[in-house]
Amino acid sequence: MKAILINEAGTTDKLTYSEIPVPTITADEVLVEVKAISINPVDIKSRAGKGVYGRLKEELPIILGWDISGIVVETGTDSGFKKGDEVFGMVNFPGHGKAYAEYVTAPGSQLALKPANISHGEAAAATLAALTAYQALVHKAQVKREDKILIHAASGGVGHFAVQMARHLGAVITGTSSGANREFVLGLGAQEHIDYHGYDWKNAPSEFDFVFDTVGGDNIDNSIAVAKAGGTVISIPTGLSEAVTEKAAAKGVNGYFFLVSSSGDDMKVIAEWLAKGYIRSHVSEEFAFGEMAKAHQHIETGRTVGKIVVTL
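When we follow UniProt numbering, the leftmost residue of the sequence shown carries the number 1, and every step to the right adds one.
See below:
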């Protein structure tokens, strides 16, 4: 089968197209013929030697990627799926997902049936990003009706799912993005929009029950500044430093880092919400498997609206 490997960290020229054997499955796994792959910032960071590269470098060569949608072609006795099932999910994150390939092995416990009303590209898009939003809002922050929440980078991969999920949960949502994406963010279900260019965070009111920081860096301080006492700030790109944690605690704010994990149970909820139209994947661009470098370069611009997928 065709696969894309990296033998060392670096720029997109380290993405190497290879022919390797089709992997074999264990009793709890399925073999998936991949139809679409979703590309995430963690893919780009890991390729460059950051992200989860440190966890995986002992396994070089690495097959990057975690987000897949495809068709089951072989099943283990305890996988819970049958041949011909169309499935999607995030595979083995933050371990070795090996998604940049024509065939991928995945534990049945990490997958869900693809809704019939969406494409494989839309399904692949609704994996790592959608799981991150779901686990942060539902499991970690336990967002409820009428909670006032702020979602940073609301037009991005995680952000655009978070806005839609928060709307479904009945929250009152403010989303940040550039002014150019204001109508997109409001169209997802946000009631208010903040153009982050030049916004005065220090003098903004502390009014949010929950702030979802998908940006990191200095933005963590901005998030704490607008969270109300007793509120929660979750950051996904960078861990909260001890100093920032102390700042959050001094204000009576719960601040912590969150890392998504593979879950078939959560994927089943996401599948149901996609099927019922509560959420949708916004795929801004699709690339062919042979254009993986272009897909990575697109993510590197930091200006992706919604999701980028690669189709096979």
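Every residue, glycine too, gets a C-beta built ideally from N, C-alpha and C.
Asked: Supposed close pair residue 87, residue 111 - CB separation, criterion 8 Å; Found: 4 Å
Asked: When 149, 278, 242 and 179 are compared against residue 233, the one with the closest alpha-carbon; Found: 149
Asked: Backbone CA spacing between residue 134 and residue 294 [nearest angstrom]; Found: 29 Å
Asked: Per DSSP, the bridge partner or partners of residue 255; Found: 233
Asked: Sub-8 Å separation of residue 70 and residue 309 beta-carbons; Found: no
Asked: Exposure of residue 259, with buried meaning 16 or more beta-carbon neighbours within 10 Å; Found: exposed
Asked: Environment of residue 304 [buried if 16+ CB atoms lie within 10 Å]; Found: buried
Asked: Supposed close pair residue 131, residue 164 - CB separation, criterion 8 Å; Found: Not really, about 14 Å apart at Cβ, beyond 8 Å.
Asked: Beta-bridge partners of residue 46, as assigned by DSSP; Found: According to DSSP, which records beta bridges pairwise, residue 46 is partnered with nothing at all.
Asked: Proximity winner among 236, 226, 264 and 237, relative to residue 247 (alpha-carbon distances); Found: 226
Asked: Assigned secondary structure, residue 196 (DSSP; H/G/I helix, E/B strand, else coil); Found: coil
Asked: Under the three-state DSSP convention, the category residue 151 falls into; Found: strand
Asked: Residue from 51, 100, 32 and 49 with nearest C-alpha to residue 4; Found: 100
Asked: Run of the alpha helix (DSSP H) containing residue 295, from where it starts to where it stops; Found: 292–300
Asked: Burial state of residue 8, where buried means 16 or more other Cβ atoms lie within 10 Å; Found: exposed
Asked: Burial state of residue 105, where buried means 16 or more other Cβ atoms lie within 10 Å; Found: buried
Asked: Delimiting residues of the beta strand (DSSP E) encompassing residue 209; Found: 208–213
Asked: Unbroken beta strand (DSSP E) run spanning residue 287, endpoints; Found: 283–288
Asked: Nearest neighbour of residue 205, chosen from 311, 26, 229 and 28 [CA to CA]; Found: 229
Asked: Unbroken stretches of the alpha helix (DSSP H), 4 residues or longer, contained in the stretch 16–61; Found: 41–47 and 53–56
Asked: At least 3 beta-carbon pairs within less than 8 Å: the stretch 156–172 vs the stretch 272–283; Found: yes
Asked: Distance cut-off 7 Å: residue 76 Cβ against heavy atoms of the ligand FMN; Found: Questions concerning the ligand FMN fall outside what the structure shown contains, since it holds no ligand whatsoever.
Asked: Residue range of the unbroken beta strand (DSSP E) whose run includes residue 113; Found: 111–113
Asked: Presumed contact (8 Å Cβ cut-off) between residue 330 and residue 67, rounded CB distance; Found: With the chain covering only 1 through 312, there is no way to say anything about residue 330.
Asked: Backbone CA spacing between residue 153 and residue 245 [nearest angstrom]; Found: 22 Å
Asked: Extent of the continuous beta strand (DSSP E) run through residue 247; Found: Not the beta strand (DSSP E): residue 247 falls in the alpha helix (DSSP H), residues 242–250.
Asked: Proximal residues to residue 25 (C-beta, below 7 Å), its chain only, five neighbours per side dropped; Found: 31, 74, 76 and 105
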